[in-house]
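Residue numbers (our numbering): 1041 to 1349.
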């Protein structure tokens, strides 16, 4: 195999930045040049809410179609955009080191979440954030928004909104961390499953590309994402459900990697929530995710998700 590796990417500034970082890492690892191939997805064509467009997968299908067709060799996704079910014929060949998965507040006048007055308008496009912000009982008016990072932050600088909540990872990759007025504690607002992680995908029968991409894989990031997404899959929820999960790797008593996992499901109006946590060997990431999700279901998570649809 010779010539450049063709990497499929969405056209948004964040997607191009993420894909550019992956392209540089591929070239550094194997010496092969990488060509970015711009692809427009259904999610890019519409300003409607993600849930109205069909939820999980609206930013993914066109990239996967290009992989299946052989017009690109590699696709880069924000991992949290991927459906939890495996895609036949494709494989996540690498999960690069993860950015900080926490949510970040961008507010007027440098305010923190607790400093915003009752009635302040806070924009977000994620039901998970809507539910958790309402559950804090701060009297905020949570407003649904769509658009790229600059569009969302512009609603604050224009005075249309008092604040917006965004993924810190995207702001970090775009060099916009100076706009952040508070990084939200996961004890207040737990991140989305796989937030801050990238998925580098290729065809499962493309052994050469799979081998090249393996050099980009981070075992800790892969384990954390596996645990978080298994929670989501076991709950049978998608990215439009008010489900949160966050895993971290630490050192266990025996010196081996220990995975610490927390998850929650919150009523969309913030009136109720179920939360839980567990820990165990990082090698058992999927099992830990299944067991924690089963515990949440036993405690009423299904009813909270159904009421949010």
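For each residue, glycine too, the CB sits at the ideal point set by N, CA and C.
Any non-hydrogen atom of the ligand MN within 7 Å of residue i CB
{"i": "residue 1313", "result": "Here there are no bound small molecules, and the ligand MN is not part of this structure."}
Residues of its chain near residue i, where Cβ-Cβ distance is below 6 Å and the 5 sequence neighbours each way are ignored
{"i": "residue 1160", "result": "1180 and 1202"}
{"i": "residue 1087", "result": "Residue confidence is low: residue 1087 scores 49 on pLDDT, short of 50, so the model does not pin down where it sits. No coordinate-derived value is stated."}
{"i": "residue 1323", "result": "none"}
{"i": "residue 1183", "result": "1161 and 1163"}
{"i": "residue 1079", "result": "1048, 1102, 1103 and 1106"}
{"i": "residue 1094", "result": "Residue placement at residue 1094 is flagged as unreliable, the pLDDT there being 45, under the threshold of 50; a coordinate-derived value is accordingly withheld."}
{"i": "residue 1317", "result": "1302"}
{"i": "residue 1269", "result": "1124, 1233 and 1234"}
{"i": "residue 1315", "result": "1304"}
{"i": "residue 1071", "result": "none"}
{"i": "residue 1340", "result": "1314"}
Whole-Å CB distance - residue i paired with residue j, under 8 Å assumed
{"i": "residue 1284", "j": "residue 1172", "result": "7 Å"}
{"i": "residue 1113", "j": "residue 1066", "result": "No, residue 1113 and residue 1066 are not in contact; Cβ-Cβ is about 10 Å, not under 8 Å."}
{"i": "residue 1267", "j": "residue 1287", "result": "4 Å"}
{"i": "residue 1243", "j": "residue 1130", "result": "6 Å"}
{"i": "residue 1156", "j": "residue 1178", "result": "7 Å"}
{"i": "residue 1345", "j": "residue 1234", "result": "Not confirmed; about 18 Å, so no contact."}
{"i": "residue 1264", "j": "residue 1299", "result": "7 Å"}
{"i": "residue 1167", "j": "residue 1280", "result": "6 Å"}
{"i": "residue 1174", "j": "residue 1310", "result": "3 Å"}
Chain-order list of residues whose beta-carbon lies under 8 Å from that of residue i (same chain, five-residue window excluded)
{"i": "residue 1053", "result": "1188, 1189, 1190 and 1214"}
{"i": "residue 1058", "result": "1049, 1116, 1118, 1213 and 1238"}
{"i": "residue 1274", "result": "1329, 1330, 1333, 1334 and 1337"}
{"i": "residue 1060", "result": "1076"}
{"i": "residue 1226", "result": "1142, 1286 and 1302"}
{"i": "residue 1100", "result": "1081, 1117, 1121, 1122 and 1123"}
{"i": "residue 1051", "result": "1078, 1079, 1080 and 1084"}
{"i": "residue 1347", "result": "1307 and 1308"}
{"i": "residue 1111", "result": "1046, 1048 and 1077"}
{"i": "residue 1158", "result": "1178, 1179 and 1180"}
Nearest residue (CA-CA) to residue i, options the options
{"i": "residue 1143", "options": "1113, 1271, 1258 and 1212", "result": "1212"}
{"i": "residue 1204", "options": "1177, 1146, 1237 and 1157", "result": "1146"}
{"i": "residue 1293", "options": "1101, 1105, 1321 and 1228", "result": "1321"}
{"i": "residue 1055", "options": "1316, 1121 and 1073", "result": "1121"}
{"i": "residue 1069", "options": "1192, 1199, 1311 and 1257", "result": "1257"}
{"i": "residue 1197", "options": "1128, 1233, 1167 and 1219", "result": "1219"}
{"i": "residue 1282", "options": "1126, 1165 and 1169", "result": "1169"}
{"i": "residue 1126", "options": "1241, 1291 and 1327", "result": "1241"}
{"i": "residue 991", "options": "1340, 1154 and 1073", "result": "The shown model of the chain, from 1041 to 1349, leaves out residue 991, and the question about it has no answer."}
{"i": "residue 1290", "options": "1128, 1339, 1260 and 1100", "result": "1260"}
{"i": "residue 1325", "options": "1064, 1341, 1297 and 1315", "result": "1297"}
{"i": "residue 1327", "options": "1165, 1063 and 1271", "result": "1271"}
Cβ-based neighbour list, residue i, same chain, cut-off 7 Å, excluding 5 preceding and 5 following
{"i": "residue 1139", "result": "1209, 1212, 1213 and 1236"}
{"i": "residue 1221", "result": "1145, 1146, 1147, 1150, 1151 and 1152"}
{"i": "residue 1073", "result": "1044 and 1067"}
{"i": "residue 1092", "result": "Note that residue 1092 has pLDDT 45, beneath the 50 cutoff, so the model's placement of it is unreliable and the number below is only indicative. Excluding residues within five positions, none has a Cβ falling inside 7 Å."}
{"i": "residue 1223", "result": "1142, 1144 and 1208"}
Query raised in the report: Using 8 Å as the threshold, is the stretch 1132-1145 in touch with the stretch 1242-1259, meaning 3 or more CB pairs across them?
Result: Counting Cβ pairs under 8 Å, three or more are found: they touch.
**Report entry** Segment contact, 8 Å Cβ cut-off, at least three pairs: the stretch 1239-1250 with the stretch 1301-1318
**Finding:** no
Query raised in the report: If you scan the stretch 1165-1243 from start to end, which runs of the beta strand (DSSP E) of 3 or more residues do you find wholly inside it?
Result: 1181-1184, 1203-1207 and 1238-1243
Requested in this report: Note down, one range per segment and in chain order, each beta strand (DSSP E) of at least 3 residues found wholly within the stretch 1258-1309.
Outcome: 1283-1291 and 1297-1306
**Report entry** Completely contained alpha helix (DSSP H) runs for the stretch 1053-1078, where each covers 4 or more residues
**Finding:** 1053-1070
Query - Ranges of the beta strand (DSSP E) found wholly within the stretch 1090-1136, counting only runs of at least 3 - result: 1114-1118 and 1130-1134
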